[in-house]
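A.B. asks: If you're matching them up, the sequences are chains A and B in order.
Going by the working numbering, the first sequence opens with residue 1, and the numbers climb by one from there.
Going by the working numbering, the second sequence opens with residue 625, and the numbers climb by one from there.
C-beta: ideal position from N, C-alpha, C; glycine also.
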Amino acid sequence: MNDGKHRYQYLIIGLAVAFLLLAAQLFRLQLLDNSFKISAENNALLYQTRHPARGLILDRNGKILVGNKNTYDILVTPRYVKPFDTLELCRILDLDPQYVRDKFSEYRMYRTRIGYRTVTFVSQISQEQYSRFIEVAHKFPEFRGVPRTTRMYPYNAGGNLLGYVTEVDRDFLDRHPDYAAGDYTGRTGLEETCEPMLRGEKGYSIYLRDASNRIQSSYRNGEFDKPAVPGQDVVSTIDAELQNYGEELMRNKVGSVIAIEPSTGEILSMISSPGIDVSVLGEINKYYKEIAADPFTPMFNRAVMSPQPPGSVFKLVNGLIGLQEGVVSTDTRFPCRDGFHARGISVGCHSHKSPVDFTEAIMVSCNSYFCYLFRDILENPVYGSEAAAMDRWAEYVRSFGFGTRLGSDFPSEIAGFVPTSATYDRVYGKGGWKALSVISLSIGQGELGCTPLHLANLAATIANRGWYRIPHIVRGHGSDTLDRRFSEKHYTLVDTAHFEKVIEGMYMAVNAPAGEGATARVAAVKGLDICGKTGTAENPHGDEHAVFVCFAPRENPRIAIAVYIENAGFGATWAAPVASLMVEKYLNGEIASNRRWLEQRMLDANLLHKVPASPDYVPPKKDD
Amino acid sequence: MSPAGKTYKKLDWILIGCYVLLAVFGWLNIYASTWSEEAEGIFSLASRSGNQLLWIGAAAVVAVIVLFLNTRFYKTVSWPLYILSAVLLVAVLIFGHEVNGSKSWLGLPGGIAVQPSEFSKIATALCLSRVMGTYGFNLTRTADFLKVAAIIIVPVGLIALEPDIGTILVYCSLAFMLYREGLPGRILGFTGYAVLLFLVTLKFSPFVSILMTVGTIGIIRTLTSRTPVRVFLIYAAFIAAAAFIPRLLSVEAVARVTGMAAEYWLLIIIAPFLIWFIVHNVRNKMKGWGIYVLSLVLSLVLVFSVDFIFHNVLQPHHRDRIENLLGISQDLMGAGYNVNQSKIAIGSGGLTGKGFLEGTQTKFNFVPEQSTDFIFCTIGEEWGFIGSITVLALYLIIIMRIVTSAEKQKDKGARVYSYCVASIIFMHVFVNVGMTIGIMPVVGIPLPLISYGGSSFLTFTILLFIHLRFDLERWK
């Protein structure tokens, strides 16, 4: 009996220990360890992201450049997929059966990592495909669709300008912690520049779900849901019609066009040709390899990224500096004997009357005149040495925006290059060079590098008689007004008075009567008073680049434009017509009947074979 | 005769109160665990809660009948009931249908399915009470011990064929009753130690198990015999030094030369000591040393056969569950899924719980079997720590009431029966709750009086009320 009592007590002790064990573990789980509470939320509450509609991109007249259209992503929970009618699903979603097989073998391979999660099966299916899917969705219970907006482009214009939207990759995520996998972001162009405005803010809907990930109901009737905030619309300075027209004209030519409204610095159009067709922008990833392999590098935005010698249009800058420095006046005449010849240096020129005065020199684009002028700038006794004069010259050139990033809101703008005395000291040794050594700068060759944007800015500066506003592409977004820096006037170091003299030359170059030797008569449009300057930039690869800058009308100019066509040949032959047609289109709204032939010629011209990068490249005959 | 008149006052109303509380609480939680926005009402017969209410009502009737029957009746029917239950257990093997890989349900006409293994618990308890209650019965006598062993082994063997590990585990709990009735404590101790050894070997290594065994035996030996302290210290130092064998072997140069696992090295080192120990004891004609040698040898046999038992005797899903419990493999989406989900549900309840019907985990089938085996999750989630502890306290009160009543019984048979009931309830609660909170492997047994299911509820009702009937007899 006594033994029984002891055993009873032992058993009670054991019982107490066992229940204490249970209580202790409950204490740990329910009161000490917080991780289970967090898991519970993740478990039962499904935060379904609501993607905001991306902001629209409008042109300066309110036309939609980039819109949105509704598409759907089809999601699947691989863990629950039972055998289904693959062929029917393929038919409905227009998929290749192989795609489905590949997807599912991928899911099998990563099944431990996927677990019970839901993953994207197909992205961006159209509204019609989705409607078809909904009708038979009960046959595919593990699949469901979520709405997504994708980009739509009503105008076939501005592929490079607009940029594209793409799903963020791992590298991007590492650098931008505020993005999550599956988000989209703008790449290149306006989409990138205006990403903060366009992006909007993601929201979420909270659902209760069961262990099979099936959504059971909205959590507390959506009380805690956060709606998505749509992105702000961005109004660009682009004129959609002009942009479209310019792209048509530039088809099958390599080069770029930039048009600026001089008084505001607003970019009216920015064309880089060949560019990305807007039809592939929406699904850029699909075409990415193709685009990257294109010999004409359509991703490369020539308008802001390609530094080139400016050619003869740079005579305008040198002319203005010469006037400002007082080394020439409008009456100064220099001879031209088929070029400039001095101390063993020759710079050829085409035949025209000789001697010429300042205005005529610009009109006929006399190389010789500007060689004399440039030599006089560098040999100006005021500065004591060529080096000092050179640096002063470079200061002038920089005041036009050359050699620096203008500070546009467009991404990947490059600075270009303006040489100084230091540049030549490095090449020739200190003091080892004279004005004649660098004489090619006088006609815009040599070490100069500037982008088409710089040239357009030059045209705008001259149109404004001595100042420019930083060219920009975003007019405003939502309630925000223009960025301060774009309203600031940047003055050159040349007095306003001198500009009129140069403009006279530009006016004559376009509008002089026949027989005067004017270089750009092809650009003349009755009543528009276009002032322009041709350029033919020599380059070591293939034919010369055709260049043309102009603005119009002469008084109160509304458009300044630079056209740069690579390897096309004479500026007057190719660049001037394109520029003048765009000016005419912009100012008059249509092309005069007597210029339709020119328009047709430009539209038809295919100059791609002249570009060394082209697979069909035909080298120019160099014998004459 | 039947308890009439004032005897109802003698009924253990505290126990009945706990019983009612658990039944009602269980019913509410069954409703909560199957509840959804579109769910039927709590009384709807199409729902589990409605069904459970039906069972509770039926059980109330059965309980009253049980109380009115004479105690002699139970002694009389014990053998026939035992034989009937054995027949049913055979029948279920032949006619039963399989649920979750176990043939434990017998379909009866009328669409009702019952689990014979549930009723066999009652029959076995009554039968044990009958046999062990006879005058002069002594468990330490081999014949009597074998009789008891046979009574237990027949249903256990039949249930093992289903197979239903959970119920076998419940039958194992009868060891507590047997201990109370004089089963040598050593047997309980050795069994417990064998389980511990098995788990330690799995979790750590045979080396750790052997070292642990050698250490334990040494300590017990030195404590129970008059061994000088210095011998004990030398022994302890030896054990401590041996613990560094694996570290030594992890040095590459050593391992390359020896090429033998640590446990074999340990054996080689132990062997001379063991021989010395035997020789020393035999020479000095000492007594009581054989048990140590025997337990050491048996332990070694067990340790080296763990691998074989684990991989060839146990079924794969048992292996997974044990491995998961021991933290050897953590497959939260596989074998560990249930337990992890269950722990999340219970853990998310916090102190006071989320409130009735407010749980998110036990809805929507995150937790499997949430109205039957994993019903404790709903309690933990919606009623929190306070609710969980209250439920445990109710069980503790019931078990304590039974055991204290049993101790006061003059009738040995009644005491045996009550201990059987207490052991069975304890095992159910400990294994079931332990499983949901991750300290026991996943074994499918219901939580008494709370889990959904008629067979289980009726069984526990009958078990408890027969005890109450025996308890009443005390006052005669």
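(1) According to DSSP, is A:VAL611 part of a helix, a strand, or is it coil?
(2) Quick one: residues in its chain with C-beta nearer than 7 Å to the C-beta of A:TYR468, no 5 flanking neighbours on either side, listed in chain order?
(3) In the DSSP assignment, the alpha helix (DSSP H) including A:ASN318 goes from what residue to what residue?
(4) Please report whether the beta-carbon of A:MET1 lies at a distance below 8 Å from any beta-carbon of chain B.
(5) Relative to the C-alpha of B:MET1064, which residue among B:GLY839, B:THR840 and B:VAL819 is closest?
(6) Apart from the five residues just before and just after B:PHE822, which ones in its own chain have a Cβ nearer than 6 Å to its Cβ?
(7) Using a Cβ-Cβ distance cut-off of 8 Å, determine whether B:SER605 contacts chain A.
(8) Under 8 Å between C-beta atoms, does B:TYR759 make it to chain A?
(9) Skipping 5 residues on each side, what residues in its chain have a beta carbon closer than 7 Å to that of B:THR1083?
(10) Would you kindly report the start and end of the unbroken alpha helix (DSSP H) that includes A:THR461?
(11) Would you identify the three-state DSSP class for A:ASN567, choosing helix, strand or coil?
(12) Which of helix, strand or coil does DSSP assign to A:THR150?
(13) Grab me the residues of A:GLY426's own chain with a C-beta within less than 6 Å of its C-beta, minus the 5 sequence neighbours each way, in chain order.
(14) With respect to the alpha helix (DSSP H) encompassing A:GLU360, which residues constitute its N-terminal and C-terminal limits?
(15) Is DSSP giving A:GLU128 helix, strand or coil here?
(16) Which of the three DSSP states is assigned to A:ASP495 in this structure?
(17) A:ARG7 CB to nearest chain B CB: under 8 Å?
(18) Quick check: what's the CA-CA separation for A:THR332 versus A:CYS371?
(19) Identify the contact partners of A:ARG33 in chain B, using a Cβ-Cβ distance below 7 Å as the criterion.
(20) Quick one: what's got a C-beta closer than 6 Å to A:PRO707's C-beta in the same chain, skipping five residues either side?
(21) Would you kindly work out how many angstroms separate the C-alpha atoms of A:PHE140 and A:PHE133, rounded to a whole number?
(22) Kindly indicate the opening and closing residues of the alpha helix (DSSP H) around B:HIS904.
(23) With a 10 Å radius around its C-beta and 16 neighbouring C-beta atoms as the bar for buried, classify A:VAL611 as buried or exposed.
(24) Leaving out five residues before and five after B:ASN905 in sequence, what residues of the same chain have Cβ atoms less than 8 Å from its Cβ?
(25) Taking DSSP as the reference, what is the three-state secondary structure of A:SER236?
(26) Report the rounded CA-to-CA distance for B:GLY757 versus B:LYS1034, giving the unit in angstroms.
(27) Based on Cα-Cα distance, which residue from A:LYS434, A:VAL81, A:VAL317 and A:LEU320 lies nearest to A:GLY344?
(28) What's the gap between the Cα of A:HIS545 and the Cα of A:ILE530?
(29) For a test of your reading of the model: does the CB of A:ARG343 fall under 7 Å from any non-hydrogen atom of the ligand GTP? Yes or no.
(30) Expressed to the nearest angstrom, what Euclidean distance is found between the alpha-carbon atoms of A:GLU88 and A:ASP94?
(31) Around the Cβ of B:LEU847, are there at least 16 other Cβ atoms within 10 angstroms (buried) or fewer (exposed)?
(32) Drop a sphere of 10 angstroms on the beta-carbon of B:PHE719, count the other beta-carbons inside from all chains shown, and report buried for 16 or more, exposed for fewer.
(33) Buried or exposed: where does A:LEU20 fall if 16 or more other Cβ atoms within 10 Å of its Cβ makes it buried?
(34) Which residues in chain D have a C-beta closer than 8 Å to the C-beta of B:PHE1050? List them in chain order.
(35) Tell me which residues of the segment 1054-1084 of chain B have at least one Cβ-Cβ distance to chain A shorter than 9 Å, keeping chain order.
C.D. replies: According to the structure data:
(1) Along the first sequence, one-based indexing puts residue 611 of chain A at 611. A:VAL611 falls in the coil class under three-state DSSP.
(2) Sequence index remark: in the first sequence, residue 468 of chain A carries index 468 (1-based). Once the five neighbours on either side are set aside, the close Cβ partners of A:TYR468 are GLY265, GLY401, ASN457, ALA460, THR461 and HIS490.
(3) Taking the first sequence and counting its residues from 1, the one referred to as residue 318 of chain A is at position 318. 315-325 is the extent of the alpha helix (DSSP H) around A:ASN318.
(4) Residue 1 of chain A sits at position 1 when you count from the first residue of the first sequence. Low local confidence applies: a pLDDT of 47 at A:MET1 is under 50, so the model's placement there is unreliable, and no value is given.
(5) Taking the first residue of the second sequence as position 1, residue 1064 of chain B is located at position 440. Taking only the C-alpha atoms, the option nearest B:MET1064 is B:VAL819.
(6) As a position in the second sequence, residue 822 of chain B is number 198, starting the count at 1. For B:PHE822, where only same-chain residues beyond five positions count, the Cβ hits under 6 Å are VAL930.
(7) Outside the modelled stretch of chain B, which goes from 625 to 1100, sits residue 605 of chain B, for which no answer is possible.
(8) For the purposes of this step, residue 759 of chain B is identified with residue 135 of the second sequence, where counting begins at 1. B:TYR759 is outside the set of residues whose beta carbon lies under 8 Å from a beta carbon in chain A.
(9) In the second sequence, residue 1083 of chain B corresponds to position 459, counting from 1. Closer than 7 Å at Cβ, skipping near neighbours: GLU742, PHE743, LYS745 and ILE746.
(10) Locating residue 461 of chain A in the first sequence gives position 461, counting from the first residue. A:THR461: member of the alpha helix (DSSP H) spanning 452-463, first to last residue.
(11) Position 567 of the first sequence, counted from the first residue, corresponds to residue 567 of chain A. A:ASN567 falls in the coil class under three-state DSSP.
(12) The sequence position of residue 150 of chain A within the first sequence is 150, counting from 1. Assignment of A:THR150 by DSSP, reduced to helix, strand and coil, places it in the strand class.
(13) Against the first sequence, residue 426 of chain A aligns to sequence position 426. What sits at residue 426 of chain A in the sequence shown is Arg, not Gly. Excluding positions up to five away in sequence, the list is empty.
(14) Start at 1 with the first residue of the first sequence, and residue 360 of chain A comes out as number 360. Counting along the chain, the alpha helix (DSSP H) containing A:GLU360 begins and ends at 358-364.
(15) Sequence index remark: in the first sequence, residue 128 of chain A carries index 128 (1-based). Residue state, collapsed to three classes: helix.
(16) Position 495 of the first sequence, counted from the start, is the residue given in the question as residue 495 of chain A. In this structure, A:ASP495 counts as coil in the three-state DSSP scheme.
(17) Working through the first sequence from its first residue, we reach residue 7 of chain A at position 7. Judged by the 8 Å Cβ criterion, A:ARG7 is in contact with chain B.
(18) Indexing the first sequence from 1 puts residue 332 of chain A at position 332. Indexing the first sequence from 1 puts residue 371 of chain A at position 371. Going from the Cα of A:THR332 to the Cα of A:CYS371 covers about 13 Å.
(19) Your numbering for residue 33 of chain A matches position 33 in the first sequence. The question names Arg, yet the displayed sequence has Asp at residue 33 of chain A. Chain B residues near A:ASP33: GLY971.
(20) Lying before the first or after the last residue shown, residue 707 of chain A is absent from chain A, which here runs from 1 to 624.
(21) Along the first sequence, read from residue 1 onward, the residue named residue 140 of chain A stands at position 140. Along the first sequence, read from residue 1 onward, the residue named residue 133 of chain A stands at position 133. Taking the straight line from one Cα to the other gives about 9 Å.
(22) What you label residue 904 of chain B is simply residue 280 of the second sequence in a count that begins at 1. Annotation: the continuous alpha helix (DSSP H) that includes B:HIS904 extends over 886-907.
(23) Your numbering for residue 611 of chain A matches position 611 in the first sequence. Buried: at least 16 other Cβ atoms inside 10 Å.
(24) Along the second sequence, read from residue 1 onward, the residue named residue 905 of chain B stands at position 281. The beta carbon of B:ASN905 sits closer than 8 Å to those of TRP913, all from its chain and outside the five residues before and after it, given in chain order.
(25) In the first sequence, the residue the question calls residue 236 of chain A occupies position 236. Strand at A:SER236.
(26) Position 133 of the second sequence holds residue 757 of chain B. Position 410 of the second sequence holds residue 1034 of chain B. Rounded to the nearest angstrom, the two C-alpha atoms are 10 Å apart.
(27) Translated into the one-based positions of the first sequence, residue 344 of chain A becomes position 344. Nearest option by C-alpha distance: A:LYS434.
(28) Your numbering for residue 545 of chain A matches position 545 in the first sequence. Your numbering for residue 530 of chain A matches position 530 in the first sequence. Rounded to the nearest angstrom, the two C-alpha atoms are 22 Å apart.
(29) The ligand GTP is not part of the structure shown, which contains no ligands of any sort.
(30) Your numbering for residue 88 of chain A matches position 88 in the first sequence. Your numbering for residue 94 of chain A matches position 94 in the first sequence. A direct Cα-to-Cα measurement between A:GLU88 and A:ASP94 gives close to 10 Å.
(31) Here residue 847 of chain B corresponds to residue number 223 of the second sequence, with the count starting at 1. Taking every protein chain shown into account, the CB of B:LEU847 has fewer than 16 other CB atoms within 10 angstroms, so this residue is exposed.
(32) The residue labelled residue 719 of chain B in the question sits at position 95 within the second sequence. Exposed, because fewer than 16 other Cβ atoms sit within 10 Å of the Cβ of B:PHE719.
(33) Translated into the one-based positions of the first sequence, residue 20 of chain A becomes position 20. Counting the other Cβ atoms within 10 Å of the Cβ of A:LEU20 gives fewer than 16, which makes it exposed.
(34) The structure shown contains no chain D; its protein chains are A and B.
(35) Answer set for the segment 1054-1084 of chain B: PHE1054, VAL1057, GLY1058, ILE1061, GLY1062 and ILE1063.
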